[in-house]
Structure formats: C-alpha cells, structure tokens
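Q:
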Amino acid sequence: MAYMNKQLRHYVEEADKIFIIPNSFYNFINYHKSIENLIIKKGKTYHCTHCHYEFNSNAKIGKELKCPNCKGKYTTRRSTLKRYFTKKDLILLNKVEDKFVLRVFELYAQYNYELMAFDYSCTEYRRVFFDDKGYNQVVEGDNVFHTMGLSVVWHNHVRTCWKKKEWTWYYRSYGDSIGYISPYNIKPLLKNTPYQYSQLWKFVRKIKIFNLVELFQRCLSGYCNTFELLVKARLYNLAFYSFRFSNQKKTFEERFGVPKSFLPFMQKHNITYDELNVLRCCKTPNIRLLKALSGCNNLLWLSYYVDCLTAWKMGILSKRTEHEYKDYLTFAIQLNYDMKDKSILYPNNLKLAHDKLEGLVELCQNEANTRLIKERYEKLKVNIYQNKKFIIYPINNSEELICESKQQSNCVKNYIEKVALGETDIYLMRLLSNPNKSLVTVEVRNNKIVQAKIKYNKEISKEQQRFLDIWQAKILSKQTI
Ligand SMILES: [Zn+2]
Numbered sequence: 050m051a052y053m054n055k056q057l058r059h060y061v062e063e064a065d066k067i068f069i070i071p072n073s074f075y076n077f078i079n080y081h082k083s084i085e086n087l088i089i090k091k092g093k094t095y096h097c098t099h100c101h102y103e104f105n106s107n108a109k110i111g112k113e114l115k116c117p118n119c120k121g122k123y124t125t126r127r128s129t130l131k132r133y134f135t136k137k138d139l140i141l142l143n144k145v146e147d148k149f150v151l152r153v154f155e156l157y158a159q160y161n162y163e164l165m166a167f168d169y170s171c172t173e174y175r176r177v178f179f180d181d182k183g184y185n186q187v188v189e190g191d192n193v194f195h196t197m198g199l200s201v202v203w204h205n206h207v208r209t210c211w212k213k214k215e216w217t218w219y220y221r222s223y224g225d226s227i228g229y230i231s232p233y234n235i236k237p238l239l240k241n242t243p244y245q246y247s248q249l250w251k252f253v254r255k256i257k258i259f260n261l262v263e264l265f266q267r268c269l270s271g272y273c274n275t276f277e278l279l280v281k282a283r284l285y286n287l288a289f290y291s292f293r294f295s296n297q298k299k300t301f302e303e304r305f306g307v308p309k310s311f312l313p314f315m316q317k318h319n320i321t322y323d324e325l326n327v328l329r330c331c332k333t334p335n336i337r338l339l340k341a342l343s344g345c346n347n348l349l350w351l352s353y354y355v356d357c358l359t360a361w362k363m364g365i366l367s368k369r370t371e372h373e374y375k376d377y378l379t380f381a382i383q384l385n386y387d388m389k390d391k392s393i394l395y396p397n398n399l400k401l402a403h404d405k406l407e408g409l410v411e412l413c414q415n416e417a418n419t420r421l422i423k424e425r426y427e428k429l430k431v432n433i434y435q436n437k438k439f440i441i442y443p444i445n446n447s448e449e450l451i452c453e454s455k456q457q458s459n460c461v462k463n464y465i466e467k468v469a470l471g472e473t474d475i476y477l478m479r480l481l482s483n484p485n486k487s488l489v490t491v492e493v494r495n496n497k498i499v500q501a502k503i504k505y506n507k508e509i510s511k512e513q514q515r516f517l518d519i520w521q522a523k524i525l526s527k528q529t530i
C-alpha cells in the first residue's frame, strides 16, 4: 500500500470521527435492493422474489414483468436458476473540512435458490477525498482484496482501517468515483458552499450514475452558474459540458447557437453536446438526423456548401462518408465547378463522383506541373555544361524525372511538385558516350549542389566530383536564377 501523507491521514481520521449514515441513504440502498429482484417461472406459476406473491402469466423468460401485487417490474427467469448475484456501487456524498468525500458502498445481492428470495449485503469499502481544484485521493478499507488485477470486496470481513489505494497500471483512477449517487443529502450538504445554487441534487436524480469528482472539477468549478442554468432548463446532458458555454449573460441564441424556438425539442430529447453541434450546423430539429450525424468532424465546413439534411436524406452524408464527401466537394471547388448546382452538390453516387473528380484534379495538376517544369527548363538551360566526357543538363519534363527517380527510388511525386514550384532543381549528369543512360542525379537549390547520387546510392567517383566542382564554380555560382 502506498504512503499516506499527513494531510490525507488527517482527513481520513476526521471523517471516521464525524461521518454518520443518514436515513435517506438507507432508503436509497433499499430502493436499489428492491430493483434487483426477479420473477421466477415454475411451470405455469410465476413467483415474485420481492413480495413472494404467486400468479399466472404467459410471459417469456428474459422479459420484464410487472408483479400484480407489489407492482415491481422484474426480469423473468427460470426456476432452475441457482448461482446468481449482482454487485453495484452506491455513493454517498459527504464533506470533511474543505474536502468533499465520496463514500463508496458495494451492494451485493445474492439469489437464494431454496427460499426464492435475495440475500443482501451492503458495505462501505472506498473513500475518495477531493475538491474542485484537482485534489483527488483514494483510500480503501482492508475489506478489499486485490488478486490477479481484480478487486474483491469481502462482505463478511469487518473493516478495521483505511489504506491509500496503490496505483497500478491496470487500474484507472477515474473508475474509483463512478457509481449510483444518492441525491437525497446533497442539497443540505452544499449549503454555504459555492455550489449551494448549483441544482446538483436535481441533476443527480436525472443522470443517476456518473463520475462526480470529474463533474466537480470540470463542470462545476468556475461554471456553476452555467451548470445551474442548464439543469434548470432541463438540459441535463448539456450540463455535462457546462464549461463549453460562455458564462457571460447572453441571449439563448448566442449561448447555444440555435434559435430559442428549439428549446422544447432540446429538452424533449435531452440532447447531448455532440447532438447540439449537429443542430447548430443543420438548424433542423430532427432527432434521427442529430443521432445519425453526431460525432461528425466536418459538418460546419460542409454546411457552408450543402444542406446537411438533404445530403443525409439522400444517403450521401453519414459518419462513414463525411470525409469522402468533403474531399469530393473540395475537388469540385478546385475544378471551379458551380457550387450552386444541385447535381454537383448532391451526386447520385458519391464514390463514383469522388473518384472521377479526383482523377480530373490530378490531371489538371499534372498539366500545370508539365507547363511549369518546361518554363523552369527554359530558364535553367543556360546552365548546361559539358567537357570531353560528361554532360549535365536540367530536366525538361516530368517523364524524364520519373524515369530518373525510379532508379534512385525517391518519391517522384514530391519531386515533380518541388521542381514545378521551383523549390529545387534536378539536373541529370550523363556520359557523352551514352547520353540515354542515367548516371548521376544532382539536386540544386539556390544555385548550389545539395546532393549528387548515382545508382544504388553509392558515392560518386572522384572524376565525377571534379566535374561537378568545376560546373559549380564556373557556371552555377555565377547565376542569379
Ligand atoms: Zn411482488
């Protein structure tokens, strides 16, 4: 177990002195006990493990069924069920001095085959001490056993002390703070804190299970007013992202990026932040559209050119195709197509249209490159130089470069563009006696040789080097191109 510093030890000891379990938390546990019940089918009789009422039905195994006596809704299981149990973490929020504390209880429900009823055990085994500024310390009781990377709570072992939880590679610290949170004591607990108007208790009733430490540190600290506003507006899922909305008092439309008339729609579907982003781009209150496109990265860009609803309805736009669609539209823009023409904006077959335009763009680029390389050659041809053995001249077209590049196995495409843009010049040095066979490829930048290579990347010979040195001194260094 890891070392517990003085400060943490103080909080742990104080907590043990002052903590009690409020009655409301027992009610919370009882509620969670009751919902674990089952309805056991024995022949034609159905038995409720909660109230032990027996009744007839023809419900299928695995289906949820309502007990006519206690009105509880439970899953139907066969009477052959023997080993069956559930575990869940229930969380009580508490405070010690300036720190909040999550008290984590494990509720263990075990089905008793003979009695057709559940045995329960609920025990506290972890405490998370935290504040809204990033403090987060976890202690566990000695009723937790770690074995083979698993933590097991021993319900028949009485806890005698707390130990700081050790960090190990397999355990993710945020998992320590997740569980069903009891909402009942939160309002009085937050009185006289910066969070007394936060409406957190309402939020907990709606969302039930989430990471409360993360919520404090990300959504409440500094964004409490926004959080309160979102909870009051019954936009619970957006309250998780309170830090994304401006704290400044602004109109609804400025704050959410959509008209206020959308509010009832947003409330009805308790929309998420990703769904709001879709709504901002599409301005269409259609929940199927929002769910289909939530998480897309290019919607804002796309919405400048196309109507996302139309594109989605036509099957062109989806999470899977958004990148391809953006590429397609980019090609259309590069080709100077009419970006008001519906037959261009909404192609019948995106894949085909994309590939066709991609080919066209490439062709145009090639044409442009060919023209530019030719223009460059006209300027560079003054550098052509020869002695009795060698000749050196700049490349004249891309085919020449491709042919040369193949032998040097460098990226042809890259070089073509660089040469066309004049970033670099490629010269071919050859034997006068065999001018069609490549010998040395020379790269020149700002009239200076930056590299000279022969086949298989071997060093050039002394004789070849001498030729290049003379060329550099006599010709290149005098140029201002
Ligand atoms: Zn019942």
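Numbering (our numbering), first residue to last: 50 to 530. Virtual Cβ for every residue (Gly too), placed ideally from N, Cα, C. All of these numbers come straight from a predicted model, not from anything done at the bench.
Please return the same chain residues whose Cβ sits closer than 6 Å to the Cβ of proline 334, not counting the five positions on each side in sequence.
A: Result list for proline 334: Phe311 and Phe314, in chain order.
Q: The alpha helix (DSSP H) that contains aspartate 518, what's its start and end?
A: 511–523 is the span of the alpha helix (DSSP H), which, as asked, contains aspartate 518.
Q: Taking DSSP as the reference, what is the three-state secondary structure of arginine 369?
A: If DSSP states are grouped into helix, strand and coil, arginine 369 belongs with coil.
Q: Residues bridged to glycine 190 by DSSP?
A: Answer by DSSP bridge pairing, in chain order: Trp211.
Q: On the three-state DSSP scale, how would you describe threonine 135?
A: Here threonine 135 sits in strand by DSSP.
Q: If I measure Cβ to Cβ from glycine 471 and keep anything under 7 Å in the same chain, skipping five residues before and after, which residues do I get?
A: Cβ within range, chain order: Arg425.
Q: What are the boundary residues of the beta strand (DSSP E) that cysteine 97 is part of?
A: Per DSSP, cysteine 97 belongs to the beta strand (DSSP E) from 94–97.
Q: For glycine 408, does the count of other Cβ atoms within 10 angstroms reach 16, so buried, or fall short, so exposed?
A: The residue is exposed, with fewer than 16 neighbouring Cβ atoms inside 10 Å.
Q: Between asparagine 79 and ligand 1, is the CB less than 6 Å from at least one heavy atom?
A: No - ligand 1 has no heavy atom lying nearer than 6 Å to the Cβ of asparagine 79.
Q: Could you please give me the residues that DSSP links to proline 443 through a beta bridge?
A: Tyr476.
Q: How would you call alanine 64, buried or exposed, if buried means at least 16 neighbouring beta carbons within 10 angstroms?
A: Alanine 64 should be labelled buried.
Q: Which runs of the beta strand (DSSP E), 3 residues or longer, sit entirely within the segment 119–167?
A: You should have 122–127, 134–145 and 148–161.
Q: Looking at C-alpha atoms only, which residue of Lys368, Ile475 and Arg58 is the closest neighbour of tryptophan 211?
A: Ranking the options by Cα distance to tryptophan 211, first place goes to Arg58.
Q: Going residue by residue through the segment 261–300, where are the continuous alpha helix (DSSP H) segments of at least 4 residues, counting only ones entirely within it?
A: Within the segment 261–300, the complete alpha helix (DSSP H) runs of at least 4 residues are 273–281 and 285–288.
Q: Could you tell me the boundaries of the beta strand (DSSP E) in which asparagine 105 lies?
A: Note, asparagine 105: beta strand (DSSP E), 103–105.
Q: As a quick exercise: from Pro237, Ala158, Phe154 and Val150, pick the residue whose alpha carbon is nearest that of valine 193.
A: Checking every option, the nearest Cα to that of valine 193 belongs to Phe154.
Q: Taking the CB atoms as reference points, tell me whether aspartate 181 and serine 270 lie closer together than 7 Å.
A: Yes, the pair counts as a contact, with Cβ atoms nearer than the cut-off.
Q: In the DSSP output, which residue or residues are listed as bridge partners for phenylalanine 252?
A: Paired residues: none, contrary to the question.
Q: Using only the heavy atoms of ligand 1, determine whether one of them is closer than 6 Å to the beta carbon of asparagine 105.
A: Asparagine 105: no, Cβ never under 6 Å from ligand 1.
Q: If I follow the unbroken alpha helix (DSSP H) through serine 200, where does it start and stop?
A: That residue, serine 200, is in no alpha helix (DSSP H); its beta strand (DSSP E) goes 199–202.
Q: Take the Cβ of glutamate 427 as the centre, count every other Cβ of all protein chains shown within 10 Å, and call the residue buried at 16 or more, exposed below.
A: Looking at its Cβ environment, which holds fewer than 16 other Cβ atoms inside 10 Å, glutamate 427 is exposed.
Q: Beta-carbon separation of serine 295 and cysteine 273 under 7 Å?
A: In this structure, cysteine 273 does not lie closer than 7 Å to serine 295 by Cβ.
Q: Give the secondary structure of leucine 114 by DSSP, where H, G and I count as helix, E and B as strand, and everything else as coil.
A: Note: leucine 114 maps to strand in three-state DSSP.
Q: Leaving out the 5 sequence neighbours to the left and right, which residues in its chain are closer than 7 Å to cysteine 330 when beta-carbon positions are compared?
A: Around cysteine 330: Leu348, Leu349, Ser352 and Cys357.
Q: Tell me the DSSP bridge mates of serine 454?
A: Its beta-bridge partners do not exist; DSSP assigns none.
Q: Can you confirm whether the segment 71–78 touches the segment 226–236 when touching is taken to mean that 3 or more C-beta pairs between the two stretches lie within less than 8 Å?
A: In short, these stretches touch, since the Cβ pair count reaches three.
Q: When every heavy atom of ligand 1 is checked, does at least one fall within less than 6 Å of the C-beta of tyrosine 102?
A: Tyrosine 102: yes, Cβ under 6 Å from ligand 1.
Q: For the putative contact between leucine 114 and valine 262, defined by C-beta atoms under 8 Å, what is the C-beta separation to the nearest angstrom?
A: That belief does not hold up - the Cβ atoms of leucine 114 and valine 262 are roughly 38 Å apart, past 8 Å.
Q: Return helix, strand or coil for glycine 228, following the three-state DSSP convention.
A: Three-state result, glycine 228: strand.
Q: For the candidate residues His206, Thr275, Thr419 and Trp250, whose alpha-carbon lies nearest to that of leucine 142?
A: Measuring from the Cα of leucine 142, the nearest candidate turns out to be Trp250.
Q: Is threonine 196 helix, strand or coil when you go by DSSP?
A: Here threonine 196 sits in strand by DSSP.
Q: Within 10 angstroms of the Cβ of leucine 287, are there 16 or more other Cβ atoms? Answer buried if so, exposed if not.
A: Burial call: buried.
Q: Name the two residues that bound the continuous beta strand (DSSP E) containing threonine 490.
A: Segment 489–494, the beta strand (DSSP E) holding threonine 490.
Q: Quick one, are the C-beta atoms of leucine 421 and alanine 381 less than 7 Å apart?
A: Contact flag unset, no.
Q: Would you mind stating whether valine 493 and alanine 501 have Cβ atoms separated by less than 7 Å?
A: No, the pair does not count as a contact, with Cβ atoms beyond the cut-off.
Q: List, from N- to C-terminal side, the beta strand (DSSP E) runs of 3 residues or more that fit wholly inside the segment 63–97.
A: Complete beta strand (DSSP E) runs here, min 3: 87–91 and 94–97.
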